[in-house]
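Asks:
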Amino acid sequence: MKKWFISTLTMLALFFSFQTTSVLSATLIQVKGSDTEVNLVQRMAENFMKTHQGTSIAVTGGGSGVGIAAIINKTTDLANSSRPMKDGETAQAKANGVNPIGVVFAVDGLSVIIHAKNKINSLTMDQIGQIYRGELTNWKQVGGADFPITLYGRQPNSGTFVFFREAVVRGDYSNKMNQMNGNAQILEAVKKDAGGVGYVGIGYVVDDYGKIDPGIRVLEVAKDSRSKPYSALKLENIISGNYPLTRPLYQYFDGNQRAKVEAFIKYELGPEGMAMVKKEGFYPLTDQWKKYNAQFNF
Amino acid sequence: MPNLTSKTPSHDPSGMIRRWRRLQDKLIHRFFQLNGLLSILILLGIFFLLFADGFPAVKHLGFQAFLTMIWNPTSFVKATYGLGAMIISTMMVTLGAMVLAVPIGLACAAYLAEVAPSWIREILKPVIEILAGIPSVVLGFLGIVVIGPAIATIFHLPNGLNAINGSILLAVMSLPTIISISEDAISSVPRTYKEASLALGATHWQTLIKVVVPSALSGIIASIMLGMGRAIGETMTVLMATGNALKTPHSIFDSVRPMTSTIAIELGEVPFGSDHYHGLFVVGFILFVMTFIVNLIADMVLAKYQEVER
Numbered sequence: 003m004k005k006w007f008i009s010t011l012t013m014l015a016l017f018f019s020f021q022t023t024s025v026l027s028a029t030l031i032q033v034k035g036s037d038t039e040v041n042l043v044q045r046m047a048e049n050f051m052k053t054h055q056g057t058s059i060a061v062t063g064g065g066s067g068v069g070i071a072a073i074i075n076k077t078t079d080l081a082n083s084s085r086p087m088k089d090g091e092t093a094q095a096k097a098n099g100v101n102p103i104g105v106v107f108a109v110d111g112l113s114v115i116i117h118a119k120n121k122i123n124s125l126t127m128d129q130i131g132q133i134y135r136g137e138l139t140n141w142k143q144v145g146g147a148d149f150p151i152t153l154y155g156r157q158p159n160s161g162t163f164v165f166f167r168e169a170v171v172r173g174d175y176s177n178k179m180n181q182m183n184g185n186a187q188i189l190e191a192v193k194k195d196a197g198g199v200g201y202v203g204i205g206y207v208v209d210d211y212g213k214i215d216p217g218i219r220v221l222e223v224a225k226d227s228r229s230k231p232y233s234a235l236k237l238e239n240i241i242s243g244n245y246p247l248t249r250p251l252y253q254y255f256d257g258n259q260r261a262k263v264e265a266f267i268k269y270e271l272g273p274e275g276m277a278m279v280k281k282e283g284f285y286p287l288t289d290q291w292k293k294y295n296a297q298f299n300f
Numbered sequence: 124m125p126n127l128t129s130k131t132p133s134h135d136p137s138g139m140i141r142r143w144r145r146l147q148d149k150l151i152h153r154f155f156q157l158n159g160l161l162s163i164l165i166l167l168g169i170f171f172l173l174f175a176d177g178f179p180a181v182k183h184l185g186f187q188a189f190l191t192m193i194w195n196p197t198s199f200v201k202a203t204y205g206l207g208a209m210i211i212s213t214m215m216v217t218l219g220a221m222v223l224a225v226p227i228g229l230a231c232a233a234y235l236a237e238v239a240p241s242w243i244r245e246i247l248k249p250v251i252e253i254l255a256g257i258p259s260v261v262l263g264f265l266g267i268v269v270i271g272p273a274i275a276t277i278f279h280l281p282n283g284l285n286a287i288n289g290s291i292l293l294a295v296m297s298l299p300t301i302i303s304i305s306e307d308a309i310s311s312v313p314r315t316y317k318e319a320s321l322a323l324g325a326t327h328w329q330t331l332i333k334v335v336v337p338s339a340l341s342g343i344i345a346s347i348m349l350g351m352g353r354a355i356g357e358t359m360t361v362l363m364a365t366g367n368a369l370k371t372p373h374s375i376f377d378s379v380r381p382m383t384s385t386i387a388i389e390l391g392e393v394p395f396g397s398d399h400y401h402g403l404f405v406v407g408f409i410l411f412v413m414t415f416i417v418n419l420i421a422d423m424v425l426a427k428y429q430e431v432e433r
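Sequence order for the protein chains is Z and E.
With our numbering applied, the first sequence covers 3 to 300.
With our numbering applied, the second sequence covers 124 to 433.
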């Protein structure tokens, strides 16, 4: 009788210990940041969770700046960012005991979009800069119809806002620029505004089948007035880097907590992840960025 | 329960139970008193928090920095901390909302309280209450996809993301508050007032305008002020619908960026402890002072009106 009792007890103990370990091993990964990346990472997370029971991933947006602030303050596990971390931010993270490591998991051809009825096909980087600084205010100044330009851009918490300002505007955005709350809102606004111009990640202008939204036109962009304009819609222009607004999309994590997120990042960088990158309209990693990731053993 | 009181002394020779009960009474009294004071403590706490977190920016940048027009702390060239454009934006959107909501709200309240047959009232009242429950994000979305394009078409503008769009949405948000409180105020006007007016030969309309509405004025003003408070503090709707351009608005058809939007957009990513961070608390402090003044004026108007009535 006593034996029976003890064996039952051990069985129960074993059972419960097994239960608790399985509960403890269920990891929750928080992902926060870039609005450009949020849909793509959400899709990757959903597919990852299907094959990896016991891991749940919560993806939210808010802007690259919000994601980076969260990784600095240790309130997220992964920060999506469409811009590299600034030196000041890295220093702040180090001071907080965070060792931020950024891998590149997709490439974006940041697209300059206009209304479908606007007949302009291409602009130079300089012209786009002048338009966004507010120096050119009518489409006729860049060879279009006599129609005032309405500027649509992002908010300061957006990585795209920062990237575009550094790469193209090289000064302050015009005070007249409408600061929209995400890529999708810029797209909607430009679709409805015959004089509108905006910038969005390439994943937002094409659908799952690679078709461009019929309400907008994607401009070809030239480095300067002497060079040829290139389209963001062609893979070869991204690989060659001829499209001037080609940019990497980053994901930052704390190097001290690598184990928690390693499997998910490897999945993103693997063949399944890259297939989803293509499906969302972004471009898979080029050799340059694969080499970049290799320094972090990814 | 006479039994209990007569029994108590025999079971409680030392008065223990009685003392315990008295203590209980006292504790409950204190507990409720504390709850009453809590709202004052919270209010003071918020005031001091905003002040303490905003002060370093004022100290470091000087108060003049905030007296300029343009707010752009993340500027590529030179950070500016002007509150002017923001304050004008907030006032423009709020006043616009009140201009739209007050006449509609009052007319609706008067109709519900005085004119409408009971079956219509029974349908309208819950519908208006449902209106109050619409999430602000949903209204903001309507602003982008429905009201914005409509404004653009009607006024021949390139786009509809402007102050008037925000005003229309905020009017919709503050209508339920204005209607239900005004309606209560109008309904609670004593019947005798109305009867006296009608007996003197006034028409129904004259009675409503000259007797009933003035008698209910304190409640009506309170409803307008509460609606206004809701409009000033609303964030998500205006953030989505007004375009958020930094420049000083010149007309209701310009894109505006009210104070609430600025805080919501920037507080999430601002480096902790920077001038920008403390500057946002200055914005919050000014917003707090503005709503405080609105409420104070409402209270003063109410007090004055009640004196006259007596």
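No residue lacks a Cβ here, since even glycine has one placed at the ideal position from N, Cα and C.
Name the chain E residues that come within less than 7 Å of THR187 of chain Z, Cβ to Cβ?
Replies: For the purposes of this step, residue 187 of chain Z is taken as the residue at position 185 of the first sequence. Note that residue 187 of chain Z corresponds to Gln in the displayed sequence, not to Thr. Residues of chain E passing the Cβ test: ILE267.
Asks: How about ILE214 of chain Z and PHE284 of chain Z: are their beta carbons less than 8 Å apart?
Replies: The residue given as residue 214 of chain Z occupies position 212 in the first sequence. The residue given as residue 284 of chain Z occupies position 282 in the first sequence. Their beta carbons are not under 8 Å apart, which means ILE214 of chain Z does not touch PHE284 of chain Z by this criterion.
Asks: Applying a beta-carbon distance threshold of less than 7 Å, which residues of chain E neighbour MET127 of chain Z?
Replies: Position 125 of the first sequence holds residue 127 of chain Z. Within 7 Å Cβ-Cβ: nothing; MET127 of chain Z doesn't reach chain E, min ~16 Å.
Asks: Within the continuous beta strand (DSSP E) that includes PRO179 of chain E, where are the two ends?
Replies: Numbered from 1 along the second sequence, position 56 holds the residue referred to as residue 179 of chain E. It is not in any beta strand (DSSP E) - PRO179 of chain E instead sits in the alpha helix (DSSP H) that spans 139-184.
Asks: Whole angstroms are fine: how far does the CA of VAL202 of chain Z sit from the CA of SER198 of chain E?
Replies: Residue 198 of chain E sits at position 75 when you count from the first residue of the second sequence. Residue 202 of chain Z sits at position 200 when you count from the first residue of the first sequence. Cα to Cα, the separation comes out at about 21 Å.
Asks: Examine chain E for any beta-carbon lying closer than 8 Å to the beta-carbon of LYS213 of chain Z, and answer yes or no.
Replies: Numbered from 1 along the first sequence, position 211 holds the residue referred to as residue 213 of chain Z. Not closer than 8 Å to any Cβ of chain E, the Cβ of LYS213 of chain Z fails to qualify, so no.
Asks: Which residues in the same chain as THR162 of chain Z place their Cβ atom closer than 6 Å to its Cβ, once the five residues preceding and following it in sequence are excluded?
Replies: The residue labelled residue 162 of chain Z in the question sits at position 160 within the first sequence. Cβ neighbours of THR162 of chain Z beyond the five flanking positions: THR38, SER84, ARG156.
Asks: THR152 of chain Z touches chain E at which residues, Cβ-Cβ below 8 Å?
Replies: In the first sequence, the residue the question calls residue 152 of chain Z occupies position 150. The answer, in chain order, is PRO281, ASN282.
Asks: Would you mind giving the Cβ-Cβ distance between TYR245 of chain Z and GLY200 of chain Z, rounded to the nearest angstrom? I have them listed as a contact below 8 Å.
Replies: Taking the first residue of the first sequence as 1, we reach residue 245 of chain Z at position 243. Taking the first residue of the first sequence as 1, we reach residue 200 of chain Z at position 198. Going by Cβ atoms, the distance from TYR245 of chain Z to GLY200 of chain Z rounds to 17 Å, so no, they are not a contact pair.
Asks: Any idea what DSSP makes of PRO216 of chain Z, helix, strand or coil?
Replies: Residue 216 of chain Z sits at position 214 when you count from the first residue of the first sequence. Here PRO216 of chain Z sits in coil by DSSP.
Asks: So, with DSSP's three-state summary, where would you put ASN41 of chain Z?
Replies: Numbered from its first residue, the first sequence carries residue 41 of chain Z at position 39. DSSP places ASN41 of chain Z in helix when its eight states are reduced to three.
Asks: Return the residues of the region 176-203 of chain Z that lie within a Cβ-Cβ distance of less than 9 Å from chain E, sorted by chain order.
Replies: Residues passing the 9 Å Cβ filter: SER176, ASN177, LYS178, MET179, ASN180, GLN181, MET182, ASN183, GLN187, GLU190, ALA191, LYS194, ASP195, ALA196, GLY197, GLY198.
Asks: What did DSSP end up calling PRO337 of chain E once you bin it into helix, strand or coil?
Replies: Start at 1 with the first residue of the second sequence, and residue 337 of chain E comes out as number 214. Helix, per DSSP.
Asks: My output table needs one value for SER378 of chain E: the three-state DSSP class, helix, strand or coil.
Replies: Position 255 of the second sequence holds residue 378 of chain E. Reduced to three states, the DSSP call for SER378 of chain E is coil.
Asks: Give the DSSP bridge partners of PHE255 of chain Z, in chain order.
Replies: Within the first sequence, residue 255 of chain Z is the residue found at index 253, counting from 1. DSSP output for PHE255 of chain Z lists Z:LEU80, Z:ILE103 as bridge partner(s).
Asks: Indicate whether at least one CB of chain Z lies closer than 8 Å to the CB of MET363 of chain E.
Replies: The residue given as residue 363 of chain E occupies position 240 in the second sequence. Yes, because at least one Cβ of chain Z sits closer than 8 Å to the Cβ of MET363 of chain E.
Asks: For the alpha helix (DSSP H) holding THR92 of chain Z, just list the boundary residues, first then last.
Replies: In the first sequence, residue 92 of chain Z corresponds to position 90, counting from 1. Where THR92 of chain Z is concerned, the enclosing alpha helix (DSSP H) stretches over 89-97.
Asks: Between GLN21 of chain Z and THR57 of chain Z, what straight-line distance do the alpha-carbon atoms span, to the nearest angstrom?
Replies: Working through the first sequence from its first residue, we reach residue 21 of chain Z at position 19. Working through the first sequence from its first residue, we reach residue 57 of chain Z at position 55. A caution first: GLN21 of chain Z carries a pLDDT of 49, below 50, which makes its placement in the model too unreliable to give a value.
Asks: Bridge partners for ARG350 of chain Z per DSSP, in chain order?
Replies: A question about residue 350 of chain Z goes unanswered here, because the residues of chain Z that appear run from 3 up to 300.
Asks: Output the boundary residues of the beta strand (DSSP E) element that contains LEU293 of chain E.
Replies: In the second sequence, the residue the question calls residue 293 of chain E occupies position 170. Premise fails: LEU293 of chain E lies in the alpha helix (DSSP H), 286-310, not in any beta strand (DSSP E).
Asks: So, using beta-carbon positions, are ILE302 of chain E and ALA232 of chain E closer together than 8 Å?
Replies: For this step, residue 302 of chain E is matched to residue 179 along the second sequence. For this step, residue 232 of chain E is matched to residue 109 along the second sequence. Yes. Within cutoff.
Asks: Reducing DSSP to helix, strand and coil, say where GLN21 of chain Z ends up.
Replies: Taking the first residue of the first sequence as position 1, residue 21 of chain Z is located at position 19. Residue placement at GLN21 of chain Z is flagged as unreliable, the pLDDT there being 49, under the threshold of 50; a coordinate-derived value is accordingly withheld.
Asks: Specify, as a first and last residue, the run of the alpha helix (DSSP H) that GLU264 of chain Z falls within.
Replies: For this step, residue 264 of chain Z is matched to residue 262 along the first sequence. Element bounds for GLU264 of chain Z: 260-271.
Asks: Counting C-beta neighbours from all protein chains within 10 Å, is the total for THR276 of chain E 16 or more, i.e. buried, or is it exposed?
Replies: Here residue 276 of chain E refers to the residue found at position 153 of the second sequence. Counting Cβ neighbours within 10 Å, THR276 of chain E comes out exposed, since fewer than 16 surround it.
Asks: If you reduce the DSSP assignment to three classes, tell me which class SER36 of chain Z lands in.
Replies: Within the first sequence, residue 36 of chain Z is the residue found at index 34, counting from 1. SER36 of chain Z falls in the coil class under three-state DSSP.
Asks: Kindly confirm or deny that the region 376-383 of chain E and the region 322-332 of chain E touch, where touching means at least three C-beta pairs closer than 8 Å.
Replies: No, they do not touch.
Asks: Can you tell me the Cα-Cα spacing of SER113 of chain Z and LEU125 of chain Z, whole angstroms?
Replies: Walking along the first sequence from the start, residue 113 of chain Z turns up at place 111. Walking along the first sequence from the start, residue 125 of chain Z turns up at place 123. The alpha-carbon atoms of SER113 of chain Z and LEU125 of chain Z are separated by roughly 12 Å.
Asks: Roughly how many angstroms lie between the CA atoms of SER24 of chain Z and ASP209 of chain Z, to the nearest whole one?
Replies: Residue numbering aside, residue 24 of chain Z sits at position 22 when the first sequence is read from its first letter. Residue numbering aside, residue 209 of chain Z sits at position 207 when the first sequence is read from its first letter. Annotation note: pLDDT 46 at SER24 of chain Z (below 50); position unreliable, coordinate value reported separately. Approximately 39 Å, taken between the alpha carbons.
Asks: Should ILE74 of chain Z and GLN94 of chain Z be called a contact, given that it needs their Cβ atoms to be closer than 8 Å?
Replies: One-based indexing of the first sequence puts residue 74 of chain Z at position 72. One-based indexing of the first sequence puts residue 94 of chain Z at position 92. Against a cut-off of 8 Å, the Cβ pair of GLN94 of chain Z and ILE74 of chain Z comes out as a contact.
Asks: Alpha carbon to alpha carbon, how far is ASP422 of chain E from VAL250 of chain E? Give it in angstroms, no decimals.
Replies: Working through the second sequence from its first residue, we reach residue 250 of chain E at position 127. Working through the second sequence from its first residue, we reach residue 422 of chain E at position 299. When rounded, the distance between both Cα atoms is 30 Å.
Asks: Can you give the Cα-Cα distance for THR129 of chain Z and SER176 of chain Z, rounded to whole angstroms?
Replies: For the purposes of this step, residue 129 of chain Z is identified with residue 127 of the first sequence, where counting begins at 1. For the purposes of this step, residue 176 of chain Z is identified with residue 174 of the first sequence, where counting begins at 1. The displayed chain sequence assigns Gln, not Thr, to residue 129 of chain Z. When rounded, the distance between both Cα atoms is 14 Å.
Asks: Whose C-beta lies closer than 8 Å to the C-beta of ILE267 of chain E among residues of the same chain, with five residues either side of it excluded?
Replies: For this step, residue 267 of chain E is matched to residue 144 along the second sequence. If we look at ILE267 of chain E and ignore the five residues flanking it on each side, its Cβ neighbours are LEU284, MET363, ALA364.
Asks: Looking at C-alpha atoms only, which residue of Z:VAL170, Z:ASN41, Z:GLY99 is the closest neighbour of LYS131 of chain Z?
Replies: Mapped onto the first sequence, residue 131 of chain Z falls at position 129. Reading the sequence as shown, one finds Gly at residue 131 of chain Z and not Lys. The candidate whose alpha carbon is nearest that of GLY131 of chain Z is Z:VAL170.
Asks: By how many angstroms is the C-alpha of GLY63 of chain Z removed from the C-alpha of VAL40 of chain Z?
Replies: For this step, residue 40 of chain Z is matched to residue 38 along the first sequence. For this step, residue 63 of chain Z is matched to residue 61 along the first sequence. Spanning the two alpha carbons is a distance of roughly 6 Å.
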